[in-house]
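In the numbering used here, the protein residues as written are 9 to 487.
Below, the structure written as structure tokens:
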């Protein structure tokens, strides 16, 4: 039997404590460990601006805030077990946090297919406990029904700033919020640690109202003094988080774990790409729309349409949902992967890499793999930047370049084995300086007339319509 792993608690805020617990899960799976000590949750008291925070002496049972049965179900599905063993202190909490944060980034980079993996399933099983669920529901009802609020803003300002610098930071955020074209003309719910702001809540409220016509609502406006006095930082953080998660428009900061997890957990719970999430720390004069499902910190990467994996061709009713993956090296971005569901027939992501909207981010190389299914194999080759076709390679082999300076100019993909008699392999691509999709099938060369760089590639599989051979059957060529 493997040795259990765990730690007692983690002296970070709630969002980071969730990542630290995920880090334990990731470590257990990596090491082949089956038992994890469930850490307690630690209320964290942030110091006044300029001072470090300090943990409270008391910790809280995990079950006070999250449904323990739901977490145990997740653990069981992935071959893990929760134990209560105060002697198990094998892991350093901050190291677990870093492992968890890395796991989110790697998982989110896989697209919709990641929804079936342990990272997304971990967050979709983090369900508020019965103890707090009713309070959360009542509070959200007041915010979104009674006050008709549509927008939640995570006001993330460096606590080390002076009041003067804090005012400038607030002005920058408020100016961007005001200029957002789809902003509803209703109050805005502000999620933040109010006591750590370098500028008072009332001064920010007045600034927003007088300077930008924005009406801000804070949780302290809606909670009684008795509730505020009785609640610790875990209570308040969970309240802010779950309220922000339910907003029609959420505005955050890509350098904040809280903001990123609001977007990522919404992706995990809704099981689709997030919509109407934005950040206020981008370089633009207005807000920057999130297209990354909350997995990136760099404001530039947050906005790239690459991560949305928008299909070039709609998925047909009879198209095959096979467990498959396509990996690509994309210039100016690096490696990206798109995966479908791990079980045949389940709805998953589209096999799309690159984006027709990102000229200058061409595809340098690809690898395509289909999970072991009887009679199904895949082969492909690429047209290099010298105008030469590569040899055919099979299931998972890399074809092309790892260098950003060299681009693919065409692709050809085909099924092999008995399945090739009964199924078509279709693929569409876009090329530099054009959003026209050129479609080909079953090993045909897919390239632009002037051999421009491939910017996006989409692969599909569907049943053949007639008996083999099918060479005379016309295929769509351009969409």
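C-beta: ideal position from N, C-alpha, C; glycine also.
Residues sharing a beta bridge with residue i, DSSP
i, result
"residue 470", "432"
"residue 455", "418"
"residue 258", "160, 285"
"residue 361", "465"
"residue 226", "198"
"residue 337", "343, 373"
"residue 68", "49"
"residue 111", "According to DSSP, which records beta bridges pairwise, residue 111 is partnered with nothing at all."
"residue 397", "391"
"residue 332", "378"
"residue 408", "373"
"residue 447", "436"
"residue 91", "45"
"residue 385", "424"
"residue 297", "286"
Cβ-Cβ separation, residue j to residue i (assumed contact under 8 Å), whole Å
i, j, result
"residue 467", "residue 421", "6 Å"
"residue 272", "residue 281", "Actually they do not touch by this definition, with Cβ atoms about 12 Å apart."
"residue 338", "residue 305", "The pair is not a contact, with the Cβ atoms about 19 Å apart (cut-off 8 Å)."
"residue 323", "residue 300", "Not confirmed; about 22 Å, so no contact."
"residue 78", "residue 135", "5 Å"
"residue 392", "residue 417", "7 Å"
"residue 92", "residue 46", "7 Å"
"residue 464", "residue 437", "6 Å"
"residue 240", "residue 51", "4 Å"
Minimum C-alpha distance to residue i - residue among the options
i, options, result
"residue 44", "95, 72, 67, 22", "95"
"residue 287", "181, 256, 244", "181"
"residue 263", "24, 16, 336", "24"
"residue 87", "449, 40, 340, 225", "40"
"residue 20", "142, 106, 449", "106"
"residue 354", "375, 325, 99", "325"
"residue 456", "445, 249, 32", "445"
"residue 125", "347, 231, 390", "347"
"residue 356", "119, 47, 178", "119"
"residue 321", "130, 358, 388, 340", "358"
"residue 425", "419, 433, 418", "433"
"residue 192", "224, 178, 104", "224"
"residue 230", "266, 207, 216, 144", "144"
"residue 249", "394, 148, 429", "148"
"residue 443", "319, 291, 76", "319"
Burial state of residue i (16 or more Cβ within 10 Å)
i, result
"residue 311", "buried"
"residue 214", "exposed"
"residue 198", "buried"
"residue 285", "buried"
"residue 101", "buried"
"residue 33", "buried"
"residue 11", "exposed"
"residue 296", "buried"
"residue 130", "buried"
"residue 62", "For residue 62, the pLDDT reaches just 45, beneath the cut-off of 50, and the residue's location in the model is therefore unreliable, although a value from the coordinates is still provided. Under this definition residue 62 is an exposed residue."
"residue 219", "exposed"
"residue 473", "exposed"
"residue 56", "Its pLDDT being 36, under 50, residue 56 is placed unreliably by the model, and nothing is read from it."
"residue 176", "exposed"
"residue 85", "exposed"
"residue 127", "buried"
"residue 36", "buried"
"residue 139", "exposed"
Pair within 8 Å by beta-carbon distance, residue i and residue j
i, j, result
"residue 246", "residue 112", "no"
"residue 331", "residue 349", "yes"
"residue 440", "residue 470", "no"
"residue 187", "residue 293", "yes"
"residue 67", "residue 90", "no"
"residue 495", "residue 190", "With the chain covering only 9 through 487, there is no way to say anything about residue 495."
"residue 74", "residue 137", "yes"
"residue 228", "residue 202", "yes"
"residue 569", "residue 157", "For the chain, the structure presents residues 9 to 487; residue 569 sits outside this window and is missing."
"residue 308", "residue 162", "no"
"residue 255", "residue 160", "yes"
"residue 22", "residue 242", "yes"
"residue 222", "residue 185", "yes"
"residue 399", "residue 389", "yes"
"residue 232", "residue 151", "no"
"residue 448", "residue 435", "yes"
"residue 385", "residue 405", "no"
"residue 336", "residue 303", "no"
"residue 15", "residue 104", "yes"
"residue 164", "residue 207", "no"
"residue 407", "residue 374", "yes"
"residue 376", "residue 334", "yes"
beta-carbon residue i near the ligand MN non-hydrogen atom, thresh 7 Å
i, result
"residue 16", "In the structure shown, the ligand MN is absent, as is every other ligand, since no ligand is present at all."
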